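Notes follow the structure.
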Amino acid sequence: MDASLNLNPQSRDAANAAFMKPAGAGLSIAIAGSGGSGVMTAGTLLLDAAAQAGLYGMMVRTSGPQIRGGEAAALLRLGAAQIESLDDSFDLLLAIDWQNVHRFADEIPLHAGSVVIGDADGGEPPPVFLASGARSVALPLKKMAKALPGSWINMLALGLAGTLAGLPEEALAQAVRRSWKRTEAALEANLKALHAGIVAAADVPALPKLPAGGPKPGRWLMSGNEAAGYGALRGGVRFVAAYPITPATELLEWMAPALTKVGGTLLQAEDELASVNMIIGASYGGVPSLTATAGPGLALMTEGIGLAVAAEVPIVVVDVMRGGPSTGIPAKSEQSDLSFAVSGLHGDAPRLVLAPGSISDCVSTLQWAVELAEELQSPAIVLSDQFLGQSQAIVEKPPIRPSNTRRLTAEADTPDYKRYRDTPSGISPMAIPGTRGVVYTADGLTHTEAGIPSSQSRDHAVQLDKRERKLMRHDYGSRWADLQGKGSLAVITFGSSTGPVREALQRVAAQGVDVRLIALRLLAPLQPGVFERALAGVERVMVVEQNHQAQLLRYLRGMLDLPARPASFHRPGPLPLRPAEICAAILEWAGANAKTKELA
Amino acid sequence: MNDMVLPPVLTAAQYKSGYKPIWCPGCGDYTVLASITKALATLQRPPHEVAVVSGIGCSSRIPAYTNCYGFHGVHGRSLAAATGLKVARPELTVLVASGDGDGYSIGGNHFMHACRRNVDLTYIVMDNHVYGMTKGQASPTTEPDWDNKLSPGGTGIRSFHPLVIALAAGANFVARAFAGDQHSTAEILAQAVRHPGFSFVEILSPCVTFRPEQRDWKERVRPAAVDATDDAARAARRIMTDDGFNIGVLYAGDREPYPLGGAAARTELAALEEEFAL
Amino acid sequence: MNAAKTNLPLEQGPQTLEEFMAQALAMENEAVERYTELADAMEQHNNHEVATLFRTMAGHEAKHGRRIMAEMGWREVPQIKVHAKTWPAEIAPETLPFGEVHYLMQPWHALQLALSAERQAEAFFATLARLAVSEPVRKAAQEMRAEEAHHVSLIQAWIEKVPKPDPDWAVDPDPPRYTD
Chain A
4 MDASLNLNPQ SRDAANAAFM KPAGAGLSIA IAGSGGSGVM TAGTLLLDAA AQAGLYGMMV
64 RTSGPQIRGG EAAALLRLGA AQIESLDDSF DLLLAIDWQN VHRFADEIPL HAGSVVIGDA
124 DGGEPPPVFL ASGARSVALP LKKMAKALPG SWINMLALGL AGTLAGLPEE ALAQAVRRSW
184 KRTEAALEAN LKALHAGIVA AADVPALPKL PAGGPKPGRW LMSGNEAAGY GALRGGVRFV
244 AAYPITPATE LLEWMAPALT KVGGTLLQAE DELASVNMII GASYGGVPSL TATAGPGLAL
304 MTEGIGLAVA AEVPIVVVDV MRGGPSTGIP AKSEQSDLSF AVSGLHGDAP RLVLAPGSIS
364 DCVSTLQWAV ELAEELQSPA IVLSDQFLGQ SQAIVEKPPI RPSNTRRLTA EADTPDYKRY
424 RDTPSGISPM AIPGTRGVVY TADGLTHTEA GIPSSQSRDH AVQLDKRERK LMRHDYGSRW
484 ADLQGKGSLA VITFGSSTGP VREALQRVAA QGVDVRLIAL RLLAPLQPGV FERALAGVER
544 VMVVEQNHQA QLLRYLRGML DLPARPASFH RPGPLPLRPA EICAAILEWA GANAKTKELA
Chain B
3 MNDMVLPPVL TAAQYKSGYK PIWCPGCGDY TVLASITKAL ATLQRPPHEV AVVSGIGCSS
63 RIPAYTNCYG FHGVHGRSLA AATGLKVARP ELTVLVASGD GDGYSIGGNH FMHACRRNVD
123 LTYIVMDNHV YGMTKGQASP TTEPDWDNKL SPGGTGIRSF HPLVIALAAG ANFVARAFAG
183 DQHSTAEILA QAVRHPGFSF VEILSPCVTF RPEQRDWKER VRPAAVDATD DAARAARRIM
243 TDDGFNIGVL YAGDREPYPL GGAAARTELA ALEEEFAL
Chain C
147 MNAAKTNLPL EQGPQTLEEF MAQALAMENE AVERYTELAD AMEQHNNHEV ATLFRTMAGH
207 EAKHGRRIMA EMGWREVPQI KVHAKTWPAE IAPETLPFGE VHYLMQPWHA LQLALSAERQ
267 AEAFFATLAR LAVSEPVRKA AQEMRAEEAH HVSLIQAWIE KVPKPDPDWA VDPDPPRYTD
């Protein structure tokens, strides 16, 4: 076995010391390669094996611009506790080949305790990966794979990486068997390759092993897009209009067969203008409806969403946010559609905006979005993002609650029925086509309570008040935000930033700095009274978000009275937020706060 | 050298920018790029006087691979942007590039009206019967029974016949080409650019990744057994019974193109104030 | 629709040696360009083995082109007007079609394609030799034909040296990715 280790005792000790990551950090593994080496599949199998071994995990994928054969990397984090963020750095980088892998250097930060494995015949690792002081190991991966005819090199990589992580052979082999769609003979050959990888791990410096065991019941493995699709079905959605767009397409593709199974329909539209109008039509007909898109598609849908506001037709539009503006960075995540979602309609057009805070939370948040849209007869925009949507995670089975969806509908032959009757709650019964005696015409034109177009100031005022009131008066309960922690400092965030923020707060707490978390799930309407209560005792807030213009900060400052001089940690995509950078920002801010307090 | 030698000319290579395309090896769009550059070389238009306008999708990546002015716009709106450009700057040669998803689905409305308006543009649609960029959904020209994730079992919807629509909507030149035949495609494109008014060229361009079965297109295409006609009714009969694999110029009409090039300014701006002065 | 239609009417072959050699040079240059484009596409898709092979082929074609220029005493590529229907309407026979490559193809596949292209070129020049209207053109066509025949045997020898692909050569465990 031809393995070369450039390690002397001092640097090994330093490496082990450098490896002291916070407790609960788990292990982060990157598998990279190109042109048919199958790294994505290896990553998927590794995640599956981790699940088999009773661990939690998350996987993010990245690739070059090519549709096939491009350089790619599967980025995993595995651990004993549920994982909702990538770590600050990777502990293992296993490159089947080095073709253009340096392009991922920003996404695969390493540290002095990391191990980098490459093919002995594949050239030196790019310098950028060794600059951290990581230990470099060369193994004859291609030769080993060739020595086992009919096998794939990614199986070798799987065995190698999995064993270094502490996964038992049986879990790895099970993952391969469960996924196998080809011949028995090919399976045997690849199990051999898996085994060869497992054996080869002995020649690599050890990494901290994960506490692997047997499979734990009651866990799920899913992506945010799939979770959102399921949540929508739980909320009662039975009609979906679809137009493909990265990174939302898989949500729609998951729903296509699922809807058929539960008695719903998916229709592929010619564009987003059609999608939004189709779901308005279906919902006007009484069927809870949804579409999913990304920024450019949401931009096209705004006129339709405005129509749904004015005509009071419930719809759910999921925006799986990506790098913007315009065509932007389609396959990368960002939280830069917030301003647009909360205010991007012409006229005074209040609407619901929600944001799930994790992959698991996509189920519950989508269900809630459907329930709210139906009850309040309003469009709901759900801000997911590429990171949540396209990452896969092993999660505790999400809490499943019975569906609360109820649309207030008009009974047949209601005397003096007025579709848009002004009521104390702002919600007026909606007549469903086919119901006798309560026919009406829905309209985007400003209308009387009966739905007749009107340009009278009284009618306009009544309807504007009604639509605002129905959203503001509703009791959203405790689901509007996740609140945790104590103290006079608070961090406010939303969406996929919640995971790294939560982890950063754990770290600062371990250093004796108490910071509260307010992770928003309901972004519009904001409820000043409720927010105020959540901020009782808070002297300073910091808003954390992944966009260039601090959109959440500006929105909150415009809508609420925040404590003096809110701080902001914000940066745009495409790189994910990491706990360490948030931690550093918080400590500096807290330090500054402490100084201010001393001076006071 | 004898007197057969001509002065230096622009070669096809000079129309290429040198940026390496990210299209999958085997993709028909490589040939389309080669055909476009060859056609432009035949016409000898300086690259900086040519603009290539596109939407979103694999085909729409093409502007950056040429040495011409390029506009990589939003999904489905290439014809609108190109119309604005040509009307504002009639002396430019404007090519429009799109795919079947971008051009016939979200771009469908603009397609109809661009044919009707008959502005002097050349519209090149690389048709591979699939949405390639978003990983393999049915496009309007996909066969109704093609199984895919968004429409399991197939859409069940009759596929779109773009040449029929183009003719009916008023396009002045309607042709079909095949990416497997670079020379004939280059010739058709050169003709299309030369022809006044809205020239529509649909190029069958196989997608090696999502529709590998399209390798058999090279057995199915055939030169159209007719000459180009300027009789719309005859062309309509022909195109309505076409099986989608007849290659060549199917219609070359003589409708007046949209009038371009406004008259020179005739009035001082200040003279407009007379209308308001009391 | 195949390249290299070779049923030229007799009176429409190249009329002079200069015309013939200019077109032969154009053919070589087109082949160089195509091999280079294919090499770039392969490199973009991380298939360096075949990219290198295609660049080697491009080099051979370029060398042949330079030899033609040296023989004719040309310092620049001449732009010679070609009479209509002198040459086949389709693309030059020596140029590989874009549609025949695959991102996972192996050197054996690439050499098979090159072999086919060289054989077409050889057959093409054999036809031109047969149809030549003047002795210098006939002689030149025969020399070109011999050159292409030599290429054919070189490639055949090369094929013997490279490994044959597995039946699974086109299998990629990973699904296609999308980016727009």
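Going line by line, the protein sequences match chains A, B and C. With the first letter of the first sequence counted as 1, position 571 gets the number 574 in the numbering used here; the numbers rise by one all the way through. With the first letter of the second sequence counted as 1, position 111 gets the number 113 in the numbering used here; the numbers rise by one all the way through. With the first letter of the third sequence counted as 1, position 122 gets the number 268 in the numbering used here; the numbers rise by one all the way through. No residue lacks a Cβ here, since even glycine has one placed at the ideal position from N, Cα and C. A quick note: this is a predicted structure, and the numbers were derived from the prediction, not measured.
Quiz item: Whose Cβ in chain B lies nearer than 7 Å to the Cβ of A164/A?
Solution: Annotation: A164/A has no Cβ neighbours in chain B at a cutoff of 7 Å; minimum Cβ distance is about 26 Å.
Exercise. Would you mind telling me which residues of chain B sit closer than 8 Å to A197/C, beta carbon to beta carbon, in chain order?
Key: Those within 8 Å of A197/C in chain B number zero; the least Cβ separation is about 10 Å.
Practice problem: Within its chain, find whatever has a CB closer than 8 Å to the CB of R439/A; leave out the 5 residues flanking it on each side and keep chain order. | Solution: Hits under 8 Å: A415, D416.
Practice problem: Measuring only between beta-carbons, confirm whether P319/C sits less than 8 Å from chain A. | Solution: Among the residues facing chain A, P319/C is included, as its CB has a counterpart in that chain under 8 Å away.
Exercise. Compute the Euclidean distance between the alpha carbons of L578/A and E110/A, then round it to the nearest angstrom.
Key: In this model, L578/A and E110/A are separated by some 7 Å (Cα to Cα).
Practice problem: To the nearest angstrom, report how far apart R106/A and G39/A are at their CA atoms. | Solution: Looking at the two C-alpha atoms, the distance is approximately 18 Å.
Quiz item: For E74/A, which of helix, strand or coil comes out of DSSP?
Solution: Three-state DSSP puts E74/A in coil, outside helix and strand.
Self-check item: Contact residues within the stretch 171-189 of chain C, judged by C-beta distance below 8 Å to chain A
Solution: Within the stretch 171-189 of chain C, no residue has a Cβ that lies closer than 8 Å to any Cβ of chain A.
Quiz item: How big is the Cα-Cα spacing for P65/B and D104/B?
Solution: Inter-residue distance for P65/B and D104/B is about 15 Å (C-alpha atoms, whole angstroms).
Self-check item: Contact list for C26/B against chain C, beta-carbon separation under 9 Å
Solution: Chain C residues near C26/B: A187, H191, H248, Y249, P322.
Quiz prompt | Proximity below 8 Å, CB of D340/A to CB of S387/A | solution = Not in contact: D340/A and S387/A (Cβ atoms no closer than 8 Å).
Quiz prompt | Beta-carbon proximity list for A235/C, same chain, < 6 Å, skipping 5 on both sides | solution = Since pLDDT at A235/C reaches only 44, below the 50 mark, its modelled position is unreliable, and the value read off the structure follows with that caveat. So no residue of the chain qualifies.
Self-check item: Alpha-carbon to alpha-carbon, P569/A and R422/A
Solution: Between R422/A and P569/A, the C-alpha separation is close to 44 Å.
Exercise. Would you tell me roughly how many angstroms separate the C-alpha atoms of P402/A and A173/B, rounded to the nearest one?
Key: Whole-angstrom Cα-Cα distance: 58 Å.
Quiz prompt | Endpoints, the beta strand (DSSP E) within which V127/B is located | solution = Counting along the chain, the beta strand (DSSP E) containing V127/B begins and ends at 124-129.
Quiz item: Whose C-beta lies closer than 6 Å to the C-beta of A29/B among residues of the same chain, with five residues either side of it excluded?
Solution: Inspection of the sequence shows that residue 29/B is occupied by Cys rather than by Ala. If we look at C29/B and ignore the five residues flanking it on each side, its Cβ neighbours are V210.
Practice problem: State the Cα-Cα distance for the pair F497/A and E548/A, rounded to the nearest angstrom. | Solution: Rounded to whole angstroms, the separation of the alpha carbons of E548/A and F497/A is 7 Å.
Quiz item: Anyone know if the C-beta pair for S431/A and G227/A falls short of 8 Å?
Solution: If you check the CB distance, S431/A and G227/A do not come in under 8 Å.
Quiz item: Excluding sequence positions up to five away, which residues of its chain have a Cβ less than 6 Å from the Cβ of M147/C?
Solution: Note that M147/C scores a pLDDT of 38, beneath 50, so its modelled location is shaky; the value from the coordinates is reported in the next line. Cβ-Cβ distances below 6 Å link M147/C to nothing in the same chain once the five nearest sequence neighbours on each side are left out.
Quiz item: Does DSSP put I282/A in a helix, in a strand, or in coil?
Solution: Residue state for I282/A is assigned as helix, using DSSP reduced to three classes.
Self-check item: Paired residues, beta bridge with W223/A - DSSP
Solution: In the DSSP output, where bridge partners are listed per residue, W223/A has V398/A.
Quiz item: To the nearest angstrom, how far is it from the Cα of P247/A to the Cα of K151/B?
Solution: Answer to the nearest angstrom: the Cα atoms are 11 Å apart.
Quiz item: Which one of S100/B, L206/B, F202/B, G199/B has the shortest CA to CA distance from Q184/B?
Solution: The candidate whose alpha carbon is nearest that of Q184/B is L206/B.
Quiz item: Does D230/B have its Cβ less than 8 Å from a Cβ in chain C?
Solution: Per the sequence presented here, residue 230/B reads as Ala, with Asp not at that position. No, its Cβ sits nowhere closer than 8 Å to a Cβ of chain C.
Exercise. Determine the direct distance from the alpha carbon of G350/A to that of S460/A, and round the result to whole angstroms.
Key: Their Cα atoms are separated by approximately 15 Å.
Practice problem: Compare the C-beta of N228/A with all C-beta atoms of chain C and state if any pair is closer than 8 Å. | Solution: It does not; no Cβ of chain C falls within 8 Å.
Quiz item: Would you call the stretch 167-182 of chain A and the stretch 51-60 of chain A in contact, with 3 or more CB pairs under 8 Å?
Solution: Contact between the stretch 167-182 of chain A and the stretch 51-60 of chain A is present: 3 or more CB-CB pairs across the two stretches fall below 8 Å.
Exercise. Identify, in the order they occur along the chain, each residue of the same chain with its Cβ nearer than 7 Å to the Cβ of Q552/A, setting aside the five sequence neighbours on each side.
Key: Cβ neighbours of Q552/A beyond the five flanking positions: none.
Exercise. Return helix, strand or coil for T162/C, following the three-state DSSP convention.
Key: It is coil, neither helix nor strand.
Quiz prompt | Distance, P214/A Cα to P220/A Cα | solution = Approximately 16 Å, taken between the alpha carbons.
Quiz item: Using CA coordinates, which residue listed in L269/A, P129/A, K264/A, M62/A is at the minimum distance from G156/B?
Solution: With respect to the C-alpha of G156/B, the residue from L269/A, P129/A, K264/A, M62/A having the closest C-alpha is L269/A.
Exercise. Can you give me the start and stop residues for the alpha helix (DSSP H) that Q1/A sits inside?
Key: No answer is possible for residue 1/A: it lies beyond the span of chain A, which begins at 4 and ends at 603.
Quiz prompt | Pick from P154/B, V76/B, L169/B that is closest to I241/B, judged by C-alpha positions | solution = L169/B is the residue among P154/B, V76/B, L169/B whose C-alpha sits nearest the C-alpha of I241/B.
Quiz item: Under a Cβ-count criterion, where at least 16 other Cβ atoms within 10 Å of its own Cβ denotes burial, should Y21/B be classed as buried or exposed?
Solution: Y21/B is exposed by the Cβ-count criterion.
Quiz item: Is the stretch 195-203 of chain B close to the stretch 120-133 of chain B, with three or more CB pairs under 8 Å?
Solution: Yes: the two stretches touch, three or more of their Cβ pairs being nearer than 8 Å.
Quiz item: Between L42/B, A82/B, V96/B, Y32/B, which lies nearest to V54/B when the distance is taken from Cα to Cα?
Solution: Checked all of L42/B, A82/B, V96/B, Y32/B; the closest Cα to V54/B is V96/B.
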